[in-house]
Structures are given as C-alpha cells and as structure tokens.
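K.L.:
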Amino acid sequence: MDPIAKYISQKISKTRWRPISPALLQQPEVFATGSWDNENNSVSIWSVGEHGVSNTDGEFDEEPQLLCASQHDGDVMDLQFLDQDRLVSASSSGAVMIFKLQPDCQALSLAHVWERAHRYSCDNTPCTAVVCRSPELVSVGEDGRVTLYKADQTEVVRVIENADSSTIHAVTFLRTTEVLTVNSIGQLKMWDFRQQSDSPAQILSLTGDRVPLHCVDKHPNQQHIVATGGQDGMLCIWDVRQGNTPFSLIEAHSAEMWEVHFHPSNPSHLFTCSEDGSLLHWETTSGSDMSTLLQIPVAAQPDTVCQQPRCA
Amino acid sequence: RSFPERSESHLIFVGLQKIKEDVPSKNKKSQFVSISKNYRSVIRACMEELQQNAGKRHMTHIVSILLAIELIWNLCEVLFIDAAPAGSLLLHLLDWVRLHKSDVDARAREVLQSDSPAHHQSYWDVVISLVLQGRVDEARQVLSKQASLRAESSSVFKRMDVLLHTMPIFNPTGTQTLTEFDVKWRHWHEECDRCLQDNTFASNRHLETICKILVGDEDTILEQKELLSTWYHFLVTRLLFTHPTIKPPDLHYYAQSSMSMFLGLRASPEPLDIILLSAFEFDLHQVIKDCSIALNNWWFVAHLTDLLDHCKLLQSHNLHFGSNLREFLVLEYASGLFTHHSLWQLAVDYFDHCPEFGRVYLELQIERVPLDTERKAIKVLRICEDRQMSEQVRSICKIMAKRALRNNRLGSALSWSIRAKDAAFATLISERFLQDYCNKGSFTDLDLLDNLGPAMLLSDRLTFLGKYREFHRLYGENRFSEAAKLLLSLMTAKIAPRSLWMTLLTDALPLLEQKEVKTQTTHALQSHFTLDEDIESTKTELLRLALARNLAMAIVKEGTIET
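Heads up: the protein sequence lines correspond to chains A and B, in order.
Residue numbers for the first sequence follow the working numbering, so the first one is 1 and each next one is one higher.
Residue numbers for the second sequence follow the working numbering, so the first one is 1001 and each next one is one higher.
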C-alpha cells in the first residue's frame, strides 16, 4: 500500500495512535501529532477513515482530517496516550503536560501542567521523553533527572536528582516499578523505584565507543528484552539480565535512529525511523530468540520521504 | 506565507534537480511541462486555502498576487516550456484565457438553470462570452434555447448554428497539416463574411454582432470590452478570428497593438501588463527582472527561473549571465527560508543545488540556527557532517559542550566533545572534574568516569582522569598492589598534570605503608617524588621517612622470605 502524504503547516515531531479498547476488534482511526520548531506549537488530533471509506482491504483512501487541536508551549519532544482520553506531552520548555480529549474528539484542552519538571538552576531545559503506565508517568530530560508522577496528583511522586551526568533521551517501563533509561554517553540504566537510593540498579553499555542512545522500547511480552537505537543508526536488542552485550546488533540506518517500536501484538515485527529519512520494518526469522532480523522495505518512493523522520 | 506551499514546492524542486542530463530532450520536455503544472497546482491549492479565509483584506491582496503569479507562470509554460508551434499555440492560449476568466461558467449556469433562459438578462452576454472564448459548441447549446421559442426566426438561428458548427478548429494530433487547416479556415471565414454582406442576420442585432466577431472585425470585438475585461483576452480572441495559425515570433506585434487598442490613450499599462507583454515578446530576461521587482515574491521567480534554466532557455539569452541568474535567485529564496524559524531545513536542499556559492551560504547560515534543544542541534550537526563541514561541526559541538559545562552537565559536555573529536575541550572537561575532586575530595558523576571506555583516549588529560579514578577504585577495594602499579604508570607516562602532583603524593603516602606494595614499586615512586622541587618540604620529609621505613621493612622481608 502506498503511503498517503498530506502537507500541513507545521513540522511534526511525534505522532501516536489513540488506543482503543481491544474488545472493539477494530483498527485505530484516530491519531495525535505534536509539532516542533514553530512559533506556535500545537498538539492535534486527526482521523482517518471516519470521513473516507475504507476499501475491502481495510485501507484508507482519504487524507487524514483534523478534528481538534490545542496550543502547546514549547516543542513537543514526546507524546504518549495515558489512556483513551488523556494525552501526555514532554515539552522543550521543561514542562510535562496532560491534555484531555473530549469523548467525541471535538475538543482538546490542557488539563494539567507540571511546570519546570526539568530545569537547571537558572534556565529551563527540555524534557526529552515521557512514558506512561496509567496512572503513573515517568519523565526524563536534558538535566539528567528522572521524575515519577501520578496522573491525578499535583505533587510529583519522586525525583531522582542527578540520575545522569549526560542527557537522558528516552525511557521505558520494564516492570511496574522499574524503568530503563538511555543517555547520550551510550548507557542503559535500570531504576527501581522501590529502592530508596538514587543510584541505578544496573548500568549497561556497549563496549567500545560511547555512542549516544536516542530511543528504547521494551518487548511487549518479555520484560527483560529491550531494543535501543542511537546516533550511529545501530539497532541493538538486549537481554537486560545478561549484561553488557546485546544479542543482536544491526547496522540499520546511516544516521540517528529516533524511534524504535516493537509491534504491540506481533512482537516479531519492529519498526525504526531515522534522520536519514527512512522508516524500516524488521522481522525476526527465528522465533522468539530475535537473533536475526531482516529488513522489509516500506513501499515509499525515495523522493516523497520528507526530511523529518516520521515515527510509526 | 503559506507553509504547505513551501514544503510541497521544495519536493518538486528537488525532483527537478534529479532529472538526468542524458535523457532525450523530447521526454524531458513532457517532464518539464508536468513539473510546471505541479508548481501551478501548488499555487492554486494555496489560493484555495486562502480564499477559504476570505473577508480579511490583506488576504484578498495576497490572493490577487497569487492569481497574477499563476497567470504569468501559465503563460510562460505555454510559450517557453511547452513551446507550442503554430496551430497548437492558439489552442493553448485559448486554454490559458479560459482558465483565467472563470466567471463565464458561473453566468452560463445561472442562465441555463433559470426558468426562461432566452429571456434572462445575461443571455446574450453569455452567448457572446462563449464565442469570444472560442467555445462554439457551448455557444450553440445556449443559442438553441432561443431558437426553439421563435419559429419564424428559426432559420436565422439555424444559419448561425451552421456557421458555429462548421468553424474549423485545428487538431494537433490529427492528420491535417497546418496549411490544409488554413485553407479550410479561409473558406469558412469567407462564408461568414458573405453572411454579413448578404445581411443575413440583419433581423437580429445580437446575431449580427456575433457574425462580425466571427469575421474578426476588430472594432466589434473591441466593443465587447466589458465581457473581455483584459487586453490579453482581446488579443487571443482577435487572433482566433483573424489569424489562428499565428506563429510564436509573430505574437509580439499583435500583443503590442492589442494592448494599445484595449487600454486606449488614457489608461497606462500596469506592471502585470508589462510582464505579460515581455512574455509575448519572448524576452525571458525582462519577464524575470520585472517579476522580481514588481511581485516581491522570491518563491515565484526562484522556482520559475530554475525550471526555465533546466529547459536550457536562459543560456541562449545572455550566455555568461544565464546560470548565475538562476543561482542568484535560488540563493535569495533559500536565504529567506533560512531566517524562518522552521523552514530552515528546506533551505539546505536549495543551497545544495547552487554549485558556485551554495556551500558558502550554507556554512554561514547554518551556524545561526538557534540551538534550543539537543535534538535540534543533532539535526543541524547531521546536515553539517553529511557535507563534511567540519569547522561548523566543531563550532556547534563546542557551543553545546560549553552550555553543558556551564550547567554542570559534565557527561553531556563530554558527549559533545567526543562527537566533534575535540581533544582540547575534552581536556577542559577533565580539568573541571579534577578541580571538583580537589575541592570536594571525591569524584562526581561516577557513572561517567567509571564507564569512559575508549573515549578516554580522546585527550591525555581525559585518560589521566579515567585512570586516576580507577586508581581510587582499586584503593577502595584494598587492591593496593595494583593501585600502586597504576599510580606509577600514570607518573611514568607523564600525563599527570603538574598541579596534581601534590595530590598524588598525598594519595601515594598511605600506599607506601602497605606491606603488599613491592619494593620495586616503592623505589620507583620514591624516585619520582624526590626529583620534584615544588613539593612542600614537610611532606617531603614525611615521604622520606615513610620510604625509609618501608625500605627497611622490605629489606627485612626479603631477607627472610624468598619472593
């Protein structure tokens, strides 16, 4: 299926499908986008398929339609759906925000802000990523802080100050009380919120050059398997129980890999997108052990891929 | 100005640059025409979007500029890019006029949908407008509404219907040659004239007017000024009915006279009129120049000139100026993009396709992009690295590293230094660490220091830092022998900074007390220290004492046990 392109008046940094209840047995039709680098940034909600007619293959022929939007202070550095009605954003202003979506998608409004969640003593500093496991949220930033929140609480639950001397680029939940962060000196750090101390439970890194890591995702079924990507475009799959060597190393891209995702229901499929302008779809061939990954080209003409990396 | 237009036209521009030189010119022409149409559809899409926000005064102004731009571009496409020969030329010009005078359709619809079309007040206006645009079949259709009403005059209408029906229209894809068409057309023209001489339409002044138009009577056509509304519509209509086989080089004569006749003595031509006239005169250079001045729109002149340059049309005009003009305009446009807070990324591709000065412009502009977030800095860096702009890479990394250092983010600072392979800055960071150590008595950011890896080799000072931290770790784990050896190697390698010798000495002292530390090591350490003149005398005394004791113990030990 050829991708559909629509030109809008903003640069998009993140796009996320809205979760739907699995009981509905449908494909998601609504997605959110966050913009960056504009004078006025916004978070927008779009729909595919509501106005258009999907053909027999379940493909959509119409362009996405804008449903509603809300102003966003600062670049949208990360975007995650907390649940069906709430969207969390990480801002370049250092704030973490929750947006509420009306049930009929008619309006999107700011419900709560944690201002200056990430900061230096005098300046603001970008919050680089946020991850949700309702009702909990974790955010990380260029200030090297890891912060834990509860969606309905104004006060932050816990802050790990100086968790990292370099920028933390991404975070993912491992278990309910454990998160994994990746930083700009190529380290993966595990944090256990049950522990009192502010030190990581474990630190992993590739032997060799300290290449910054930009993204991380956990295998949907196996809590100890994670995939990471970084500045050199290398895709690594790790077993966090097994120390410093990822069991899979692939030269996926020729530039920074911005996002990596396991398919939520079909985890032998992975998606990566990169500054080199490509979006790649990977599949493991050997069952659950993930030791071989094959690249499946996404059907897109080279000159319609825009310079901004899109994320699945 | 509109963002999607910039983004979409950027893609068209990049696609155009990729068209290979060695493709045969016939295929290229159709590609260029297609690209021209793509650009025009971008303009129209932009107009449509703006018109949806109609009502705001400055919007209407912008829409009218866009209309002018599309008009000019379309004409350039017909005359220069498609370069239609005689025969097709007029057909294309007719299309051009029809596209830019769309109110005829609305009026026609209004008339036809009314209760009694033939009595509608605009009825004859619609018929004549259609004839003026050469849309004879549609004119016939509207005329047929009249004919059915008045049986006694039906023969007159039938006569007109025949004239209109038999009007020859050149078919470029057909087998008929231009000469054959011309002969046919002259016969038809004579037939129309005969009708006038015979006063066939004397009973109906409207039909009489139409017949005069068909014959190409300039005064009659000119009388339809209101319906024509522009001199170039007048020009095309005039050509349709007097000279349908017009050749491109002959256009300018008719264009000049049409404009004079239409505007009359009182009105003076507007900038748009001058530009169109220059186009009819095939003076590309003048068109571009006047567009640049009058329209204040770099987007238009840059993209159009670039396309014309690819069609090799600028070269024939002014050899040594040709490609430079294109580059100048593209550079101007791209520079404007660069000052835009979010469009700077598009500008890069434009600079890439300016062979003479593109790189220099990029080098100058890229350093001015504000680096609000690390992610943005990384994107800027990637642009620089892809083009081997190493000076800019260094400069940007240094800015980021300094900022990180100011905020005490030593790991980040180091990360930027590694990317730039900036040994000097890595040294600076290491000094900062060591300074902190001296002030606080312990190391900060152990997660970084304990995991430096090969990055340690970036600078001597950094290597020292890593090893020194390792020394402390070994000591903390009571591995004194290894610790001492490491300390010794640090000193032998001469990478310990002068300022730290005192500190090293203080660290070394307790070591010398340790039994495990071998005699050899102790001797070696001793020799390093005693050679130094800067060391405080008390400490030196202590050292000598400790050494002496250790030496004594060692001698005793060696004497008793075989090591």
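Every residue gets a Cβ at the ideal spot worked out from N, C-alpha and C, and that includes glycine.
In this text the structure is predicted, and so the values were computed from the model without any measurement.
On the DSSP bridge assignment, give the partners of Q1392 (chain B) in chain order.
P.N.:
Position 392 of the second sequence, counted from the start, is the residue given in the question as residue 1392 (chain B). DSSP, once it has assigned bridges, lists no residue as partnering Q1392 (chain B).
K.L.:
May I ask you to list the residues that DSSP assigns as paired with Q242 (chain A)?
P.N.:
Counting from one through the first sequence, the residue named residue 242 (chain A) turns up at place 242. Note: Q242 (chain A) sits in no beta bridge, so no partner.
K.L.:
Using the Cβ count rule (16 or more neighbours within 10 Å means buried), how would you classify T1200 (chain B)?
P.N.:
Numbered from its first residue, the second sequence carries residue 1200 (chain B) at position 200. So T1200 (chain B) counts as buried.
K.L.:
Going along chain B, which residues have a C-beta under 8 Å from Q225 (chain A)?
P.N.:
Counted from its first residue, the first sequence places residue 225 (chain A) at position 225. Per the sequence shown, residue 225 (chain A) should be read as Ile rather than Gln. What I225 (chain A) touches in chain B: nothing, since even the nearest Cβ is about 23 Å away.
K.L.:
Helix, strand or coil: how does DSSP classify T284 (chain A) here?
P.N.:
As a working mapping, residue 284 (chain A) is identified with position 284 in the first sequence. DSSP places T284 (chain A) in strand when its eight states are reduced to three.
K.L.:
Taking buried to mean at least 16 other C-beta atoms within 10 Å of its own C-beta, is G1466 (chain B) buried or exposed?
P.N.:
Within the second sequence, numbered from 1, the residue matching residue 1466 (chain B) stands at position 466. Per the 10 Å Cβ criterion, buried.
K.L.:
Taking only the alpha-carbon atoms, compute the straight-line gap between R1109 (chain B) and H1120 (chain B) and give it to the nearest angstrom.
P.N.:
Stepping through the second sequence from its first residue, residue 1109 (chain B) is reached at position 109. Stepping through the second sequence from its first residue, residue 1120 (chain B) is reached at position 120. So the two alpha carbons sit approximately 12 Å from each other.
K.L.:
Note down, in chain order, all residues in the segment 123-134 of chain A with a beta-carbon under 9 Å from any beta-carbon belonging to chain B.
P.N.:
Going along the segment 123-134 of chain A in chain order, one finds D123, T125, P126 and T128 with a Cβ nearer than 9 Å to chain B.
K.L.:
Please name the residue in B:L1228, B:L1132, B:N1204 and B:H1340 whose C-alpha comes closest to that of L1240 (chain B).
P.N.:
Working through the second sequence from its first residue, we reach residue 1240 (chain B) at position 240. Of the candidates B:L1228, B:L1132, B:N1204 and B:H1340, the one whose C-alpha sits nearest the C-alpha of L1240 (chain B) is B:L1132.
K.L.:
Quick check on the DSSP output: the beta strand (DSSP E) that includes C273 (chain A) runs from which residue to which?
P.N.:
Position 273 of the first sequence, counted from the start, is the residue given in the question as residue 273 (chain A). Looking at the DSSP string, the run of the beta strand (DSSP E) that includes C273 (chain A) is H269 to S274.
K.L.:
For a test of the three-state rule: what should DSSP assign to M1167 (chain B), helix, strand or coil?
P.N.:
Within the second sequence, the letter at position 167 stands for residue 1167 (chain B). It is coil, neither helix nor strand.
K.L.:
Hey, how far is the Cα of K1379 (chain B) from the Cα of A255 (chain A)?
P.N.:
As a working note, residue 1379 (chain B) is residue 379 in the second sequence. As a working note, residue 255 (chain A) is residue 255 in the first sequence. Roughly 10 Å separates the two Cα atoms.
K.L.:
At least one CB of chain A closer than 9 Å to the CB of R1359 (chain B): is that the case?
P.N.:
The residue you call residue 1359 (chain B) lines up with position 359 of the second sequence. Output row for R1359 (chain B): interface = no.
K.L.:
Is the separation between the beta-carbon of I45 (chain A) and that of L108 (chain A) shorter than 9 Å?
P.N.:
Position 45 of the first sequence, counted from the first residue, corresponds to residue 45 (chain A). Position 108 of the first sequence, counted from the first residue, corresponds to residue 108 (chain A). Yes, the Cβ-Cβ distance between I45 (chain A) and L108 (chain A) is below 9 Å.
K.L.:
Counting only Cβ pairs nearer than 9 Å, list the residues of chain B close to T167 (chain A).
P.N.:
On the first sequence, position 167 is the one that residue 167 (chain A) refers to. Going along chain B in sequence order, the residues near T167 (chain A) (Cβ under 9 Å) are E1374, A1404, R1409, G1411, S1412 and S1415.
K.L.:
Taking one C-beta from the segment 1068-1082 of chain B and one from the segment 1021-1040 of chain B each time, how about it: are there three or more such pairs within less than 8 Å?
P.N.:
Enough Cβ pairs lie closer than 8 Å, so yes.
K.L.:
Please list, in chain order, all residues of the same chain as Q80 (chain A) whose beta carbon is under 7 Å from its beta carbon, the five residues on each side excluded.
P.N.:
Counted from its first residue, the first sequence places residue 80 (chain A) at position 80. Result list for Q80 (chain A): R16, V88, V130, V131 and C132, in chain order.
K.L.:
In the DSSP assignment, what are the bridge partners of K189 (chain A)?
P.N.:
Translated into the one-based positions of the first sequence, residue 189 (chain A) becomes position 189. A:T181 and A:I203, per the DSSP bridge assignment.
K.L.:
Mind checking the segment 176-196 of chain A against chain B and listing, in chain order, the residues whose C-beta falls within less than 9 Å of any C-beta there?
P.N.:
Answer in chain order: N183, S184, I185, G186, Q187 and K189.
K.L.:
Determine the contact status of C1438 (chain B) and L1511 (chain B), defining contact as a CB-CB distance below 9 Å.
P.N.:
To locate residue 1438 (chain B), count along the second sequence from 1; it is residue 438. To locate residue 1511 (chain B), count along the second sequence from 1; it is residue 511. No. Outside cutoff.
K.L.:
Is it the case that the Cβ atoms of G1411 (chain B) and G144 (chain A) are separated by a distance below 9 Å?
P.N.:
Your numbering for residue 1411 (chain B) matches position 411 in the second sequence. Your numbering for residue 144 (chain A) matches position 144 in the first sequence. A contact, by the Cβ cut-off of 9 Å.
K.L.:
Quick check: the segment 1241-1259 of chain B against the segment 1038-1047 of chain B, are at least 3 beta-carbon pairs closer than 8 Å?
P.N.:
The answer is no - the segment 1241-1259 of chain B does not touch the segment 1038-1047 of chain B, with fewer than three Cβ pairs under 8 Å.
K.L.:
Which word fits N1407 (chain B), buried or exposed, when buried means at least 16 other C-beta atoms lie within 10 angstroms of its C-beta?
P.N.:
Here the question's residue 1407 (chain B) lines up with position 407 in the second sequence. Looking at its Cβ environment, which holds 16 or more other Cβ atoms inside 10 Å, N1407 (chain B) is buried.
K.L.:
Would you decide whether R1186 (chain B) is buried or exposed? Buried here means 16 or more other CB atoms lie within 10 Å of its CB.
P.N.:
Translated into positions along the second sequence, residue 1186 (chain B) becomes position 186. So R1186 (chain B) ends up on the exposed side.
K.L.:
Can you name the start and end residues of the beta strand (DSSP E) that D78 (chain A) belongs to?
P.N.:
If you number the first sequence from 1, residue 78 (chain A) lands on position 78. Looking at the DSSP string, the run of the beta strand (DSSP E) that includes D78 (chain A) is V76 to D83.
K.L.:
What residues of chain B sit near D11 (chain A), judged by a beta carbon separation below 8 Å?
P.N.:
On the first sequence, residue 11 (chain A) is found 11 positions in, with the first residue counted as 1. Here residue 11 (chain A) turns out to be Lys, not Asp, going by the sequence shown. Per Cβ cutoff of 8 Å: S1342 and Q1345.
K.L.:
For chain B, check one thing: does any of its Cβ atoms lie closer than 9 Å to the Cβ of H238 (chain A)?
P.N.:
Working through the first sequence from its first residue, we reach residue 238 (chain A) at position 238. Correcting the residue identity first, residue 238 (chain A) is Trp in this sequence and not His. It does not; no Cβ of chain B falls within 9 Å.
K.L.:
Is it buried or exposed for S1390 (chain B), if we count other Cβ within 10 angstroms and need 16 for buried?
P.N.:
To locate residue 1390 (chain B), count along the second sequence from 1; it is residue 390. Exposed.
K.L.:
If you measure between the beta carbons of A1496 (chain B) and Y1475 (chain B), is that distance less than 9 Å?
P.N.:
Indexing the second sequence from 1 puts residue 1496 (chain B) at position 496. Indexing the second sequence from 1 puts residue 1475 (chain B) at position 475. Their beta carbons are not under 9 Å apart, which means A1496 (chain B) does not touch Y1475 (chain B) by this criterion.
K.L.:
Where does N1038 (chain B) sit, in a helix, a strand or coil, going by DSSP?
P.N.:
The residue labelled residue 1038 (chain B) in the question sits at position 38 within the second sequence. Helix.
K.L.:
At the level of alpha carbons, what is the spacing between H51 (chain A) and A32 (chain A)?
P.N.:
If you number the first sequence from 1, residue 51 (chain A) lands on position 51. If you number the first sequence from 1, residue 32 (chain A) lands on position 32. Bear in mind that the predicted position of H51 (chain A) carries a pLDDT of just 46, short of 50, making it unreliable; the figure below should be weighed with that in mind. Taking the straight line joining both Cα atoms gives about 17 Å.
K.L.:
What does the Cβ neighbour count give for L1343 (chain B), buried or exposed, with the cut at 16 atoms within 10 Å?
P.N.:
By 1-based counting over the second sequence, the position of residue 1343 (chain B) is 343. With 16 or more other Cβ atoms within 10 Å, it is buried.
K.L.:
In angstroms, rounded to a whole number, what distance separates the CA positions of V1126 (chain B) and V1111 (chain B)?
P.N.:
For this step, residue 1126 (chain B) is matched to residue 126 along the second sequence. For this step, residue 1111 (chain B) is matched to residue 111 along the second sequence. Roughly 8 Å separates the two Cα atoms.
K.L.:
With 7 Å as the C-beta to C-beta threshold (strictly closer), list the residues of the segment 32-44 of chain A near chain B in chain order.
P.N.:
Listed in sequence order: D37, N38 and E39.
K.L.:
Taking 9 Å as the CB-CB cut-off, is S121 (chain A) touching chain D?
P.N.:
Note that chain D does not occur in the displayed structure, where the protein chains are A and B.
K.L.:
If I168 (chain A) sits next to V140 (chain A), beta carbons under 8 Å apart, how far is it from one beta carbon to the other, in whole angstroms?
P.N.:
Numbered from 1 along the first sequence, position 168 holds the residue referred to as residue 168 (chain A). Numbered from 1 along the first sequence, position 140 holds the residue referred to as residue 140 (chain A). With 8 Å as the limit, I168 (chain A) and V140 (chain A) qualify as a contact, their Cβ atoms being about 4 Å apart.
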